[in-house]
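J.:
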Amino acid sequence: MDRFQHYIDGRFEDGAGAFESLDPATGAAWALMPAADAADVDRAVRAAHRAFHAPEWAGLTATARGKLLLRLADLVQEAAPRLAQLETRDTGKIIRETSAQIAYVAEYYRYYAGLADKIEGAHLPIDKPDMEVWLRREPVGVVAAIVPWNSQLFLSAVKIGPALAAGCTLVVKASEDGPAPLLEFARLVHAAGFPPGVVNILTGGPEAGRALTSHPHIAHIAFTGGPETARHIVRASAENLSKTSLELGGKSPFIVFDDADLDSAANAQVSGIFAATGQSCVAGSRLLVQRGVKDAFLARIKAKAEAVAIGAPDQMETEVGPLCTLRQRDRIADLIARSLDAGARLVTGGGVPEGPGFYFPPTILDCSDAPAAPCLNEEFFGPVLSVVTFDTEIEALRLANDTEYGLASGVFTRSLTRAHRMIRGIRAGIVWVNTYRAVSPIAPFGGHGLSGHGREGGLAAALDYTTVKTVWLRTSDDPIPDPFVMR
Ligand code: NAD
Numbered sequence: 001m002d003r004f005q006h007y008i009d010g011r012f013e014d015g016a017g018a019f020e021s022l023d024p025a026t027g028a029a030w031a032l033m034p035a036a037d038a039a040d041v042d043r044a045v046r047a048a049h050r051a052f053h054a055p056e057w058a059g060l061t062a063t064a065r066g067k068l069l070l071r072l073a074d075l076v077q078e079a080a081p082r083l084a085q086l087e088t089r090d091t092g093k094i095i096r097e098t099s100a101q102i103a104y105v106a107e108y109y110r111y112y113a114g115l116a117d118k119i120e121g122a123h124l125p126i127d128k129p130d131m132e133v134w135l136r137r138e139p140v141g142v143v144a145a146i147v148p149w150n151s152q153l154f155l156s157a158v159k160i161g162p163a164l165a166a167g168c169t170l171v172v173k174a175s176e177d178g179p180a181p182l183l184e185f186a187r188l189v190h191a192a193g194f195p196p197g198v199v200n201i202l203t204g205g206p207e208a209g210r211a212l213t214s215h216p217h218i219a220h221i222a223f224t225g226g227p228e229t230a231r232h233i234v235r236a237s238a239e240n241l242s243k244t245s246l247e248l249g250g251k252s253p254f255i256v257f258d259d260a261d262l263d264s265a266a267n268a269q270v271s272g273i274f275a276a277t278g279q280s281c282v283a284g285s286r287l288l289v290q291r292g293v294k295d296a297f298l299a300r301i302k303a304k305a306e307a308v309a310i311g312a313p314d315q316m317e318t319e320v321g322p323l324c325t326l327r328q329r330d331r332i333a334d335l336i337a338r339s340l341d342a343g344a345r346l347v348t349g350g351g352v353p354e355g356p357g358f359y360f361p362p363t364i365l366d367c368s369d370a371p372a373a374p375c376l377n378e379e380f381f382g383p384v385l386s387v388v389t390f391d392t393e394i395e396a397l398r399l400a401n402d403t404e405y406g407l408a409s410g411v412f413t414r415s416l417t418r419a420h421r422m423i424r425g426i427r428a429g430i431v432w433v434n435t436y437r438a439v440s441p442i443a444p445f446g447g448h449g450l451s452g453h454g455r456e457g458g459l460a461a462a463l464d465y466t467t468v469k470t471v472w473l474r475t476s477d478d479p480i481p482d483p484f485v486m487r
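Taking the UniProt record's numbering as reference, the numbering of the sequence shown is continuous, increasing by one, and the terminal residue is 487.
(1) My assumption, with CB atoms under 8 angstroms, is that P196 sits in contact with D9. Please give the rounded CB distance.
(2) Mind checking H420: buried by the 16 CB within 10 Å criterion, or exposed?
(3) Going by C-alpha distance, which of P227, G350, H6, L212 is nearest R187?
(4) Which one of E393, P313, I201 has the shortest CA to CA distance from T88?
(5) Report yes if the C-beta of residue 490 is less than 7 angstroms from at least one heavy atom of the ligand NAD; otherwise report no.
(6) Would you identify the three-state DSSP class for G458, choosing helix, strand or coil?
(7) Opposite F223 in the DSSP bridges: which residues?
(8) Is the beta carbon of A408 less than 8 angstroms from the beta carbon of A428?
(9) Please look up how many angstroms separate the CB atoms of K294 and T389, rounded, as I've assumed it's under 8 angstroms.
(10) What do you get for I160, buried or exposed, if any count of 16 or more other CB atoms within 10 angstroms of its CB means buried?
(11) How big is the Cα-Cα spacing for T403 and R455?
(12) On a CA-only basis, which of H217, Y104, I480 is nearest R50? Give me that one, please.
(13) Using 8 angstroms as the cut-off, can you tell me whether the region 378–387 makes contact with the region 264–283, which would need three or more C-beta pairs spanning the two stretches below that distance?
(14) So D90 and A180 are supposed to be a Cβ contact under 8 angstroms. How far apart are they, rounded?
(15) Under 8 angstroms between the Cβ atoms of V320 and V308?
(16) For K469, report the span of its beta strand (DSSP E) as first-last.
(17) Using three-state DSSP, classify S21 as helix, strand or coil.
(18) With a threshold of 7 angstroms, establish whether the CB of W149 neighbours any heavy atom of the ligand NAD.
(19) Quick one: any contact between the region 244–252 and the region 224–236, if contact means 3 or more CB pairs under 8 angstroms?
(20) Excluding sequence positions up to five away, which residues of its chain have a Cβ less than 6 angstroms from the Cβ of F12?
(21) Cβ of L72 versus every heavy atom of the ligand NAD: is any distance shorter than 7 angstroms?
(22) What is the DSSP secondary structure of P179, reduced to helix, strand or coil?
(23) Around the Cβ of F484, are there at least 16 other Cβ atoms within 10 angstroms (buried) or fewer (exposed)?
(24) Just verifying my parser: in three-state terms, what is the DSSP assignment at I364?
(25) From what residue to what residue does the beta strand (DSSP E) around V76 run?
(26) Have a look at P353, R338, A443, E393 and flag the residue whose alpha-carbon is nearest the alpha-carbon of residue 497.
(27) Give the secondary structure of A29 by DSSP, where H, G and I count as helix, E and B as strand, and everything else as coil.
(28) How would you write the range of the beta strand (DSSP E) that M131 sits in, first residue to last?
(29) If you draw a straight line from the alpha carbon of C324 to that of G27, how long is it in whole angstroms?
(30) Of the choices G425, A157, G457, K469, whose alpha-carbon is the least far from that of V133?
(31) Pull up the distance between the alpha-carbon of V282 and that of W432, whole angstroms please.
(32) For the candidate residues T363, E317, V199, A299, whose alpha-carbon lies nearest to that of R286?
(33) Run through DSSP, which three-state label would G272 get?
(34) Can you round the beta-carbon distance between L135 and A116 to whole angstroms, since I take them to be within the 8 angstroms contact cut?
(35) Heavy atom of the ligand NAD less than 7 angstroms from the Cβ of T229, yes or no?
(36) For W57, collect the residues of the same chain with a Cβ closer than 6 angstroms to its Cβ; drop the 5 residues on either side in sequence, then sort them by chain order.
Laid out in structure tokens, this is it:
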């Protein structure tokens with residue numbers, strides 16, 4: 001079996017415990033992963049804290065930090081094929097997707113490399129004579145970065161990149177499901193030449209997560225995962241009153257009006273819900289379709305869902321692979337059963353296939369006559385689309401916003417004026433118009449409500465890892481008058 005290690009204080013080492021990682025395509029154990037306990041976490045956070053104050057890191061210019069990030073970007077690009085294979089093996093995400101996504105992860109490091117020496121302070125035109133006042137942007141401190149199983153290299157890059165650009169140090173906790181690519185990525189951090197302790201990478205479950213988020217040296221917790229875990233994390237952050245940024249789940253509406261280009265919308269919908277076997281926070285999991293085109297649109301996506309090539313994730317022709325865990329498959333099957341009980345109608349898919357591996361077929365549920373079906377509110381995090389019919393634009397907007405989540409949304413229409421009205425009305429962190437699932441290091445990403453708060457990507461993310469220091473400097477040589485002498 002392959003073996004992986006933690007990366008703490010510039011050294012590769014075993015964890016206090018160990019666990020077997022399963023290959024989702026077969027269900028068989030393929031690698032031995034280290035498991036951090038509270039003592040491992042404590043050493044990692046102390047290393048990051050030391051590194052934060054050490055001259056090897058704190059004394060670097062922002063330009064020098066940018067150069068280290070640029071080297072890391074090049075190493076990620078070079079290692080992308082191997083990292084993609086590892087992610088596919090350990091999480092079941094198909095090789096087509098991991099190859100393309102990890103090559104693009106290098107662009108995130110490149111973007112933040114360029115940004116490192118463009119995080120500027122400000123000079124204030126203060127309302128007092130003989131005074132210079134300016135703002136310094138300083139790194140906030142040690143960052144705890146916690147990611148879920150899907151896209152671990154991507155979801156960690158949107159934290160590591162801006163945090164390092166700002167001058168912070170980090171302890172990154174990979175998910176206990178599929179941690180291989182992130183543990184392997186530590187070798188690139190090491191090779192890039194970051195001083196020991198600047199980036200520490202470990203894995204483990206909730207115990208390690210709790211030790212990390214409540215550690216007194218943590219200044220900022222950057223979390224991606226589910227809302228329930230986020231609640232625990234916010235409670236833990238109360239210990240140090242540390243900052244949090246939370247990227248959580250979604251129940252994103254995908255809205256198709258009767259004037260839309262249906263072929264184009266169908267392709268976007270199929271990739272929006274079945275890509276990554278639906279394990280995507282921005283999955284367009286609620287299709288809201290206007291009555292006049294409902295049958296034509298459903299026929300298109302049903303045909304595509306049934307034609308999808310389901311198979312081994314390491315094969316280039318595979319379009320939908322297994323889910324990451326058996327636990328996830330059980331959850332999905334249970335939510336489908338409860339939704340059918342509530343009146344949802346199965347259009348296609350739905351059954352757990354025979355054979356090894358954690359596979360689940362693309363599934364469509366028509367909930368047009370079942371407004372209370374739980375699949376309209378609960379996140380599947382799997383390849384299941386719930387469909388609702390609407391008649392008017394006002395109804396579409398009401399349905400779109402009828403969720404506690406607020407991450408992403410898609411609008412398909414040829415009407416420019418309607419598109420603008422929808423953009424204004426939808427409560428979500430992202431609105432895609434006549435497209436879906438586009439991301440870039442330049443564009444902020446995040447949501448509100450149960451989808452969390454804070455933004456990743458763009459300049460805003462780097463600023464989020466800084467704190468403002470206000471400096472007052474008196475420019476007069478005259479002595480400060482005695483305050484107790486009346487004039
Ligand atoms: P999860 O919340 O169960 O776990 C996420 C991470 O938190 C894991 O590393 C886990 O070990 C850790 N964790 C668990 N308990 C903890 C605790 N008490 N303290 C600290 N850390 C703890 O999420 P998951 O089920 O692995 O992932 C799926 C969720 O992630 C979905 O809701 C999905 O929508 C969300 N997600 C969001 C985004 C986004 O950017 N908005 C991206 C991908 C996934």
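We treat Cβ as the ideally placed atom computed from N, Cα and C, and that holds for glycine.
T.: This is what the structure gives:
(1) One-based indexing of the sequence shown puts residue 196 at position 196. One-based indexing of the sequence shown puts residue 9 at position 9. P196 to D9, Cβ: 5 angstroms. Contact.
(2) In the sequence shown, the residue the question calls residue 420 occupies position 420. The residue is exposed, with fewer than 16 neighbouring Cβ atoms inside 10 Å.
(3) Numbered from its first residue, the sequence shown carries residue 187 at position 187. Comparing Cα-Cα distances from R187 to each of P227, G350, H6, L212, the minimum goes to H6.
(4) By 1-based counting over the sequence shown, the position of residue 88 is 88. Distance from the Cα of T88 is smallest, within the candidate group E393, P313, I201, for P313.
(5) Here the chain has residues from 1 to 487 only, and residue 490 is not among them.
(6) Within the sequence shown, numbered from 1, the residue matching residue 458 stands at position 458. Correct three-state label for G458: helix.
(7) One-based indexing of the sequence shown puts residue 223 at position 223. According to DSSP, F223 bridges with I146, L246.
(8) Against the sequence shown, residue 408 aligns to sequence position 408. Against the sequence shown, residue 428 aligns to sequence position 428. In contact: A408 and A428 (Cβ atoms closer than 8 angstroms).
(9) Position 294 of the sequence shown holds residue 294. Position 389 of the sequence shown holds residue 389. Yes, they are in contact, since the Cβ atoms of K294 and T389 sit about 5 angstroms apart, within 8 angstroms.
(10) Here residue 160 refers to the residue found at position 160 when the sequence shown is read from its first residue. Looking at its Cβ environment, which holds 16 or more other Cβ atoms inside 10 Å, I160 is buried.
(11) Taking the first residue of the sequence shown as position 1, residue 403 is located at position 403. Taking the first residue of the sequence shown as position 1, residue 455 is located at position 455. If I take the Cα positions, the gap works out to 20 angstroms.
(12) Residue 50 sits at position 50 when you count from the first residue of the sequence shown. The option with the nearest alpha carbon to R50 is H217.
(13) They touch, by the three-pair rule.
(14) What you label residue 90 is simply residue 90 of the sequence shown in a count that begins at 1. What you label residue 180 is simply residue 180 of the sequence shown in a count that begins at 1. By a beta-carbon distance limit of 8 angstroms, D90 contacts A180. Their separation comes to about 4 angstroms.
(15) For the purposes of this step, residue 320 is taken as the residue at position 320 of the sequence shown. For the purposes of this step, residue 308 is taken as the residue at position 308 of the sequence shown. In this structure, V308 lies closer than 8 angstroms to V320 by Cβ.
(16) Counting from 1 along the sequence shown, the entry for residue 469 is found at position 469. Start and end: 466–474.
(17) Taking the first residue of the sequence shown as 1, we reach residue 21 at position 21. The answer is strand: DSSP assigns S21 an E or B state.
(18) Here residue 149 refers to the residue found at position 149 when the sequence shown is read from its first residue. Under cutoff, so the answer is yes.
(19) yes
(20) Residue mapping note: residue 12 aligns to position 12 of the sequence shown, counting from 1. Around F12: Q5.
(21) The count along the sequence shown starts at 1 and reaches residue 72 at position 72. Not under cutoff, so the answer is no.
(22) In the sequence shown, residue 179 corresponds to position 179, counting from 1. Here P179 carries a coil assignment [DSSP, helix/strand/coil].
(23) Indexing the sequence shown from 1 puts residue 484 at position 484. Classification of F484: exposed, given that the 10 Å Cβ count is below 16.
(24) Here the question's residue 364 lines up with position 364 in the sequence shown. Of the three classes helix, strand and coil, the one that applies to I364 here is strand, per DSSP.
(25) Along the sequence shown, read from residue 1 onward, the residue named residue 76 stands at position 76. From DSSP, V76 is part of no beta strand (DSSP E) but of the alpha helix (DSSP H) over 62–91.
(26) Outside the shown range of the chain, which is 1 to 487, sits residue 497, and nothing can be said about it.
(27) As a working note, residue 29 is residue 29 in the sequence shown. Strand, per DSSP.
(28) Taking the first residue of the sequence shown as 1, we reach residue 131 at position 131. Per DSSP, the unbroken beta strand (DSSP E) holding M131 starts and ends at 131–139.
(29) Looking up residue 324 in the sequence shown gives position 324. Looking up residue 27 in the sequence shown gives position 27. So the two alpha carbons sit approximately 10 angstroms from each other.
(30) Position 133 of the sequence shown holds residue 133. It is K469.
(31) Indexing the sequence shown from 1 puts residue 282 at position 282. Indexing the sequence shown from 1 puts residue 432 at position 432. One C-alpha to the other measures close to 11 angstroms.
(32) Working through the sequence shown from its first residue, we reach residue 286 at position 286. Closest option to R286, Cα to Cα, is T363.
(33) Looking up residue 272 in the sequence shown gives position 272. G272 falls in the helix class under three-state DSSP.
(34) Taking the first residue of the sequence shown as 1, we reach residue 135 at position 135. Taking the first residue of the sequence shown as 1, we reach residue 116 at position 116. With a Cβ gap of about 18 angstroms, L135 and A116 do not count as contacting.
(35) Position 229 of the sequence shown, counted from the start, is the residue given in the question as residue 229. Correct: T229 has its Cβ closer than 7 angstroms to the ligand NAD.
(36) Position 57 of the sequence shown, counted from the first residue, corresponds to residue 57. Taken in chain order, the residues that qualify are A51, P195, V198.
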